[in-house]
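First up is the structure itself, then whatever we jot down about it.
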Amino acid sequence: MGKYDFIKTGNLLYWHDPDNGLSDGAYRVISAPENMEDDSIILISSGTSEAEVLPSELSPISTGRSHKEDFLRWKAEREAEGMEFYNRLSEVMETEDDLTVGDMVAFTNDYGVVFGPQEVLAFRKPWNGDRCVYLDSDAYWFPDRPDQLTLLSKKGAE
């Protein structure tokens, strides 16, 4: 097993931009050589930009443990109390980038740290600064803002 075996075409990885750090984040591998060396060039894309990078600049994105079952129990308890949940972002706010339950997103916190990929679990009417998206994370009970999310893949389109 090689140290770069996680770098495969199609994989979602984290790029540590060595120049200025402004482009750090989740990228999909567009092209990677079959036999990876330290000086191999890998083509990656964020969906809006592309870069040619070295394998040492990439790392896997941990999916961690799923909290989906905990969320579904929590959601059922809240629904029994009268709270409403929705399946699409467009059901709770106007948006050009509609998200759906099951989509995979990267979450960027207010300090610029990226987490993910995380599955979208539900939506609620916005509150506390447009917080309305529930994700499969250890804070599943606390909704995130749509502007903190980057769509990585649509449900069933991986």
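The working numbering runs 106 ahead of the 1-based position in the sequence shown.
Glycine included, every Cβ here is placed at the ideal spot set by N, Cα and C.
Hey, out of the options, whose CA is closest to residue i's CA?
i    : options                   : result
I147 : W180, E163 and C238       : E163
V211 : N141, G116, T201 and K261 : K261
E140 : V198, Y110 and M199       : Y110
D123 : V207, S165 and G116       : S165
K174 : V207, T154, E187 and E197 : V207
R184 : V226, R230 and N215       : R230
What does a CB cutoff of less than 6 Å around residue i pick up in its chain, not counting 5 residues either side in sequence?
i    : result
G131 : V220
S265 : Outside the modelled stretch of the chain, which goes from 107 to 264, sits residue 265, for which no answer is possible.
Grab me the residues of residue i's own chain with a C-beta within less than 7 Å of its C-beta, minus the 5 sequence neighbours each way, in chain order.
i    : result
L118 : A132, R134, I167, P223 and L258
L149 : I136, S137, E156 and E158
P249 : R230, R237, C238, V239 and Y240
E197 : F229
M107 : The predicted position of M107 is uncertain, since its pLDDT is 48 and thus under 50; no value can be drawn from it.
Does the distance from the CB of residue i to the CB of residue j come in under 7 Å?
i    : j    : result
D204 : L195 : yes
M142 : P161 : yes
How about residue i: is its C-beta nearer than 7 Å to some C-beta of chain D?
i    : result
S151 : In the structure shown, chain D cannot be found, because there is only a single protein chain.
Buried or exposed for residue i, please, with buried defined as at least 16 other CB atoms from any protein chain shown within 10 angstroms of its CB.
i    : result
Y246 : buried
S243 : buried
L128 : exposed
A182 : exposed
I187 : What sits at residue 187 in the sequence shown is Glu, not Ile. By the 10 Å Cβ count, E187 comes out exposed.
Distance check for residue j and residue i, CA to CA, integer angstroms please.
i    : j    : result
Y192 : T256 : 19 Å
D125 : I136 : 21 Å
L178 : T201 : 25 Å
Y120 : S151 : 11 Å
T103 : G116 : The structure shown does not extend to residue 103, since the chain is modelled only from 107 to 264, so the question has no answer here.
N346 : D144 : There is simply no residue 346 to check, as the chain begins at 107 and stops at 264 in what is shown.
A228 : D176 : 13 Å
P232 : V226 : 15 Å
Y217 : I113 : 27 Å
W180 : F213 : 21 Å
Within a Cβ cutoff of 8 Å, which residues of the same chain sit near residue i, ignoring the five residues on either side of it in sequence?
i    : result
D236 : M199, R251, P252 and D253
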